[in-house]
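Those sequence lines, one after another, are chains A and B.
Residue 112 is where the first sequence ends in the working numbering, and the numbering goes up by one at each step.
Residue 626 is where the second sequence ends in the working numbering, and the numbering goes up by one at each step.
No residue lacks a Cβ here, since even glycine has one placed at the ideal position from N, Cα and C.
Notes follow the structure.
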Amino acid sequence: GQNIDQPTEMTATEGAIVQINCTYQTSGFNGLFWYQQHAGEAPTFLSYNVLDGLEEKGRFSSFLSRSKGYSYLLLKELQMKDSASYLCAVRGSNDYKLSFGAGTTVTVRA
Amino acid sequence: GAGVSQSPSNKVTEKGKDVELRCDPISGHTALYWYRQSLGQGLEFLIYFQGNSAPDKSGLPSDRFSAERTGGSVSTLTIQRTQQEDSAVYLCASSFQGSGSNIQYFGAGTRLSVL
């Protein structure tokens, strides 16, 4: 089975940095994805990691350690529009099916 | 189209009625997926299409749920004799299988409310 854990909620101040952790236990591993979802909208793709290390994309970075079953999404220079739910998803041994965590709701305060 | 399109965006139905949800994937995407998102829970995989065939239906919760895809494009998810526990947001995604990352792109979903 698949087990993906991430915190339920996080709050941070505008301009600050927030790190969202995700731990996983899955049968096989074939990539880890982060999505952003604003209320009532489609999840939008943020990042993809399949090898260990850090992937940086503008204000957002994602890290993966396969041996520890661990990833984090780092959001820098937080803006009010970053208030959203962030979804961690793992692709198992097949090449299509994603298993999702319950999502982390990030609230950015002025 | 430019993105994954789903219709209707909201559907309210009475218990016991049948509903059909539609998904129009990104043009050229060969793979299509249906997920269900219930309040406070992660997205739950329902079914995967490669072209018109569905090699993985393992996530469909009961035989009241079925899906088809025609012409390698549009897909419909049908729920027969709806129950209150079917209330959720039903999300569709598509991807171009063949790229290493096989990133799934999602539609905004259909919010189903069963009264």
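Would Glu58 of chain A pass as a contact of Ser49 of chain A if the rule is Cβ separation under 7 Å? As a working note, residue 58 of chain A is residue 56 in the first sequence. As a working note, residue 49 of chain A is residue 47 in the first sequence. Against a cut-off of 7 Å, the Cβ pair of Ser49 of chain A and Glu58 of chain A comes out as no contact.
Is there at least one non-hydrogen atom of the ligand SAH closer than 6 Å to the beta-carbon of Gln38 of chain A? Because no ligand of any kind appears in the structure shown, any question about the ligand SAH cannot be addressed here.
Going straight from the alpha carbon of Val600 of chain B to that of Gln517 of chain B, what length do you get? Residue mapping note: residue 600 of chain B aligns to position 89 of the second sequence, counting from 1. Residue mapping note: residue 517 of chain B aligns to position 6 of the second sequence, counting from 1. Roughly 11 Å between the two C-alpha positions.
What would DSSP say about Gln81 of chain A, mapped onto helix, strand or coil? Reading the first sequence from its first residue, position 79 is the one you call residue 81 of chain A. If DSSP states are grouped into helix, strand and coil, Gln81 of chain A belongs with coil.
Chain-ordered chain A contacts of Ser612 of chain B [CB-CB under 8 Å]: Numbered from 1 along the second sequence, position 101 holds the residue referred to as residue 612 of chain B. In chain order: Gly33, Tyr50 and Val52.
If the cut is a Cβ gap below 8 Å, which residues of chain A does Phe556 of chain B touch? One-based indexing of the second sequence puts residue 556 of chain B at position 45. In chain order: Lys99, Leu100 and Ser101.
How would you list, in chain order, the residues of chain A whose beta-carbon sits under 7 Å from the beta-carbon of Asp559 of chain B? Position 48 of the second sequence, counted from the first residue, corresponds to residue 559 of chain B. Checking the sequence, you will find Tyr at residue 559 of chain B rather than Asp. Tyr98 and Lys99, listed in chain order.
Tell me whether Gln595 of chain B sits in a helix, a strand or coil according to DSSP, three-state version. Position 84 of the second sequence holds residue 595 of chain B. Three-state DSSP puts Gln595 of chain B in a helix.
Exposure of Gly55 of chain A, with buried meaning 16 or more beta-carbon neighbours within 10 Å: Sequence index remark: in the first sequence, residue 55 of chain A carries index 53 (1-based). It is exposed - the Cβ of Gly55 of chain A has fewer than 16 other Cβ atoms within 10 Å.
Hey, Leu532 of chain B and Thr621 of chain B: beta-carbon distance below 7 Å or not? Sequence index remark: in the second sequence, residue 532 of chain B carries index 21 (1-based). Sequence index remark: in the second sequence, residue 621 of chain B carries index 110 (1-based). Judged by beta-carbon spacing, Thr621 of chain B lies within the 7 Å limit of Leu532 of chain B, meaning their Cβ atoms are closer than that value.
Under three-state DSSP, which class holds Gln4 of chain A? The count along the first sequence starts at 1 and reaches residue 4 of chain A at position 2. Reduced to three states, the DSSP call for Gln4 of chain A is coil.
Compare the C-beta of Gly609 of chain B against all C-beta atoms of chain A and say whether one is closer than 7 Å. Your numbering for residue 609 of chain B matches position 98 in the second sequence. No - not a single Cβ of chain A is within 7 Å of the one on Gly609 of chain B.
Let me see if you follow: with CB-CB separation under 7 Å, is Gln595 of chain B close to chain A or not? Walking along the second sequence from the start, residue 595 of chain B turns up at place 84. So, not an interface residue.
CB contact check: Phe617 of chain B to chain A, cutoff 7 Å: Residue mapping note: residue 617 of chain B aligns to position 106 of the second sequence, counting from 1. For Phe617 of chain B, the nearest CB of chain A lies under 7 Å from its own CB, placing it at the interface with that chain.
For Ser67 of chain A, collect the residues of the same chain with a Cβ closer than 7 Å to its Cβ; drop the 5 residues on either side in sequence, then sort them by chain order. One-based indexing of the first sequence puts residue 67 of chain A at position 65. If we look at Ser67 of chain A and ignore the five residues flanking it on each side, its Cβ neighbours are Asp54.
Any residues in the region 512-545 of chain B with a beta carbon nearer than 8 Å to a beta carbon of chain A? Which ones, in chain order? Gly514, Val515, Ala542 and Tyr544
Please list, in chain order, the chain B residues whose beta carbon lies closer than 8 Å to that of Gly105 of chain A. Residue mapping note: residue 105 of chain A aligns to position 103 of the first sequence, counting from 1. Those are Gly553, listed as they occur along chain B.
Which partner residues does Ser586 of chain B have in the DSSP bridge list? The residue you call residue 586 of chain B lines up with position 75 of the second sequence. Beta-bridge pairing links Ser586 of chain B to B:Cys534 and B:Arg580.
With a threshold of 16 other CB atoms inside 10 Å of the CB of Gly105 of chain A, please say whether the residue is buried or exposed. To locate residue 105 of chain A, count along the first sequence from 1; it is residue 103. The residue is buried, with at least 16 neighbouring Cβ atoms inside 10 Å.
Taking Cβ positions, are Gln27 of chain A and Gly71 of chain A nearer each other than 7 Å? Working through the first sequence from its first residue, we reach residue 27 of chain A at position 25. Working through the first sequence from its first residue, we reach residue 71 of chain A at position 69. In terms of Cβ geometry, Gln27 of chain A and Gly71 of chain A form a close pair [threshold 7 Å].
So Asn51 of chain A and Ser73 of chain A are supposed to be a Cβ contact under 8 Å. How far apart are they, rounded? One-based indexing of the first sequence puts residue 51 of chain A at position 49. One-based indexing of the first sequence puts residue 73 of chain A at position 71. 6 Å between Cβ atoms; contact.
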